[in-house]
Every structure is written in C-alpha cells, then in structure tokens.
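Asks: Taken in order, the sequence shown gives residues 624 to 898; the numbers are from our numbering.
Built from N, CA and C at the ideal position, the CB exists for glycine as well.
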Amino acid sequence: MIDQKIMEHELILQDQLTDLYGICNLSCVPVRAEASDKSEMISQLLFGEHFRILEQTEKWSRIKISYDDYEGWIDNKQFQPMNRQEFEVLKKEPVYLSTSPFDFLTNALGHSHYLSPGSNLPFFNGDSVFVHDEKYYLKGKAHIAEDPATESSESLFKMFLNAPYLWGGRSILGIDCSGYTQICFKVLGVKLKRDAYQQAEQGELVNFVHEAKLGDLAFFDNAEGRITHVGIMLNNHQIIHASGKVRIDQIDHNGIFNSVLQEYTHQLRVIKRVL
C-alpha cells in the first residue's frame with residue numbers, strides 16, 4: 624500500500640511538471656530582469672532555444688535558459704510550453720542551427736518565422752523542424768554546432784558587421800558585446816556564458832597582445848576594474864566587437880583605438896583563447 628502511494632505521488636509530481644518547461648517559438652523574445660514590460664531587457668531567446676520555468680504569474684514566467692543557465696522573466700504569450708520528455712531529448716540530441724541571415728521557417732498555414740544566426744532547429748529531420756506538435760519547413764541550411772569546419776570563423780564574425788548595438792540583444796538586428804561573442808561561438812560549437820565578466824573566466828590566458836590570433840577573446844574593464852566589454856580578435860592588431868554597432872577597430876596593449884574618434888575607447892584587461 625505504501626509503495627502504491629509513493630508511485631501515485633511520483634505520477635502526480637510528473638503531471639505537475641508537464642508544463643514547467645518551454646521553448647521559444649518566435650524569432651526573438653526579450654528576457655527581462657523583472658516581470659514587467661518596462662523592465663530592463665537582460666538577454667533574448669532565439670527561436671528553438673529551450674528553458675526550465677522556475678515560477679509563474681498570470682502574465683510572466685521566470686525561466687532558466689538551458690544553453691547558458693541565464694535567468695530572467697518572459698511574457699507567457701511568447702513561448703510554447705513543453706513537457707519534460709521533450710526537454711530532455713532536446714538537451715541530449717545534436718544541436719542544429721541556422722547560420723545565415725535570414726533563413727526562415729514556414730508552417731502549414733504559410734506563416735513565416737525569420738531566423739537570426741544561432742537560432743536552434745529543434746527535432747530537425749532534414750528539411751523541417753518541430754516545436755511541440757507544430758511542424759515548420761526550413762528555407763535555408765542547417766548547421767551542426769559541433770562542426771565548425773562548415774563555415775569560416777572569420778566570415779562568421781564579419782556576418783554581423785553593422786548590426787546595431789542593443790543592450791541585452793543576441794540577434795543580428797540588435798546585439799550587445801557578450802551576446803555577439805556568445806552567438807558566434809555557439810555556431811562554432813563552443814559554449815560561452817552570457818555576460819562578459821563570466822566569459823572572461825573561460826579559456827586559456829594569452830600573455831601578450833602580439834601573441835593573439837583569430838578567434839581569441841579580448842576583455843576590457845572600467846575604472847573600477849570590472850570587466851564590462853568583450854570582442855573577438857581578428858589578428859594581433861584588429862578586433863571586431865559590438866560598440867554602437869558591430870565594427871572593426873585597431874587594438875594594442877593599451878586597448879581599443881577608435882579611428883573615427885581618434886582615441887582609446889576601451890582599456891584592455893586580458894585576452895583568452897577558447898578555440
């Protein structure tokens with residue numbers, strides 16, 4: 624009798640957990656610091672990215688994103704609930720991504736979702752993807768995140784040139800410095816944390832700027848010594864980064880030199896190698 628009660632309780636818990644997971648079924652969804660449309664956008668979900676729901680109100684859900692463990696609030700109207708089984712399968716299966724601006728998906732009604740580079744293609748089967756029980760057909764190419772040889776890393780980095788800077792952004796229509804580095808390396812199969820100071824804890828130290836090479840990450844601090852900016856080295860004297868827009872600037876041991884402003888704009892703290 625006790626064993627039966629325990630089993631029944633476990634089944635009830637499983638049922639309660641059915642909708643405590645979700646997946647982004649829009650091109651891009653804001654993740655906010657608080658449960659309010661007026662709250663700061665601290666990150667974004669791209670299509671196909673999945674998450675665990677930590678708590679819910681009538682309008683908002685506080686989530687923990689599976690990819691980088693980032694937490695924030697999203698609007699309940701802007702995602703598709705999913706069950707634990709779907710969530711666990713997505714965590715284990717190979718990750719297919721969209722890598723070109725702008726691939727798009729169409730559903731049976733002909734409605735389109737345009738995809739920013741780095742968007743996930745859940746349950747990809749060759750020409751289509753599935754979000755819960757809805758099927759979408761891919762107009763574009765799928766890329767396996769663990770296979771960086773399918774695209775030159777430099778051309779990938781430069782694909783985002785002139786994308787406008789947007790605090791909390793992770794899409795080609797608006798992106799911040801660490802969102803830019805995270806998405807580029809996601810396509811290359813390297814998982815970076817969300818914020819610049821977190822990314823600075825990853826990889827191996829490069830001792831001098833003249834030893835830097837393509838794909839190294841350069842980090843910059845403010846007057847208080849806090850790391851607040853990151854960019855990707857193109858060689859040992861050029862960096863591509865999001866500052867106003869995604870742009871290429873000169874860099875030396877002092878930091879980033881903006882040729883338009885004719886001044887140093889960011890103070891170099893450390894260079895790390897993650898590729």
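Quick check: F843 and H889, are their CB atoms within less than 7 Å of each other?
Replies: Yes, the Cβ-Cβ distance between F843 and H889 is below 7 Å.
Asks: Strictly by DSSP, which residues pair up with P724?
Replies: P724 pairs with nothing; no bridge assigned.
Asks: What is the rounded straight-line gap between the Cα of Q899 and the Cα of L837?
Replies: What the structure shows of the chain is the stretch from 624 to 898, and residue 899 is not part of that stretch, so it cannot be assessed.
Asks: I'd like the ranges of any beta strand (DSSP E) spanning at least 3 consecutive residues and lying wholly in the region 758 to 843.
Replies: Within the region 758 to 843, the complete beta strand (DSSP E) runs of at least 3 residues are 765 to 767, 827 to 829.
Asks: Is it the case that the region 691 to 710 contacts the region 812 to 819, given that we only count it when at least three CB pairs across the two stretches are under 8 Å?
Replies: They touch, by the three-pair rule.
Asks: What did DSSP end up calling E711 once you bin it into helix, strand or coil?
Replies: DSSP places E711 in helix when its eight states are reduced to three.
Asks: For a test of the three-state rule: what should DSSP assign to Q679, helix, strand or coil?
Replies: Note: Q679 maps to strand in three-state DSSP.
Asks: Write down the C-beta distance between F710 and Y644 rounded to the nearest angstrom, noting that I regard them as a contact closer than 8 Å.
Replies: Right, the Cβ-Cβ distance comes to about 4 Å (below 8 Å), so this counts as a contact.
Asks: Quick check on K661: does DSSP put it in helix, strand or coil?
Replies: K661 falls in the coil class under three-state DSSP.
Asks: Taking just the CA atoms, how far does M664 sit from N859?
Replies: Taking the straight line joining both Cα atoms gives about 33 Å.
Asks: With a threshold of 16 other CB atoms inside 10 Å of the CB of D660, please say whether the residue is buried or exposed.
Replies: Exposed.
Asks: Taking DSSP as the reference, what is the three-state secondary structure of N859?
Replies: Three-state result, N859: coil.
Asks: In whole angstroms, what separates the C-alpha of D698 from that of V654?
Replies: Taking the straight line joining both Cα atoms gives about 8 Å.
Asks: Note down the Cα distance separating F746 from K781, rounded to an integer number of angstroms.
Replies: Roughly 29 Å between the two C-alpha positions.
Asks: Just curious, the beta strand (DSSP E) that F753 is in, first and last residue?
Replies: Segment 751 to 754, the beta strand (DSSP E) holding F753.
Asks: Take the Cβ of D750 as the centre, count every other Cβ of all protein chains shown within 10 Å, and call the residue buried at 16 or more, exposed below.
Replies: Looking at its Cβ environment, which holds fewer than 16 other Cβ atoms inside 10 Å, D750 is exposed.
Asks: To the nearest angstrom, how far is the alpha carbon of T773 from that of T680?
Replies: Note that T773 has pLDDT 45, beneath the 50 cutoff, so the model's placement of it is unreliable and the number below is only indicative. About 43 Å.
Asks: Applying the criterion that 16 or more other CB atoms from any shown protein chain within 10 Å of the CB defines a buried residue, is S723 buried or exposed?
Replies: S723 comes out exposed.
Asks: Looking only at its chain, what residues have a beta carbon closer than 8 Å to the beta carbon of F880, apart from the 5 residues adjacent to it on each side?
Replies: Answer for F880: D872, Q873, I874, E886, Y887, T888, listed in chain order.
Asks: Compute the distance between the beta-carbons of Y737 and S650, then report whether it is under 7 Å.
Replies: Yes, Cβ-Cβ distance for Y737 and S650 is below 7 Å.
Asks: Kindly identify the DSSP beta-bridge partner or partners of K895.
Replies: K895 pairs with L828, L840.
Asks: What number of angstroms, rounded off, separates the C-alpha of S776 from the C-alpha of E834?
Replies: Their Cα atoms are separated by approximately 19 Å.
Asks: Give the range of the beta strand (DSSP E) segment to which R655 is assigned.
Replies: That run of the beta strand (DSSP E) goes 651 to 655.
Asks: Mapping DSSP to helix, strand and coil, what is N881?
Replies: Here N881 sits in strand by DSSP.
Asks: So which of R870, Q861, L884 has the shortest CA-CA distance to L891?
Replies: Per the Cα distances, Q861.
Asks: To the nearest angstrom, how far is the alpha carbon of E672 from that of N743?
Replies: In a straight line, the C-alpha of E672 is about 6 Å away from that of N743.
Asks: In terms of residue numbering, what span does the beta strand (DSSP E) encompassing G572 cover?
Replies: Absent from the model: residue 572. The displayed extent of the chain is 624 to 898, so no value can be given.
Asks: Pull up the distance between the alpha-carbon of G695 and that of L898, whole angstroms please.
Replies: One C-alpha to the other measures close to 29 Å.
Asks: Quick one, are the C-beta atoms of I850 and A823 less than 7 Å apart?
Replies: Their beta carbons are under 7 Å apart, which means I850 touches A823 by this criterion.
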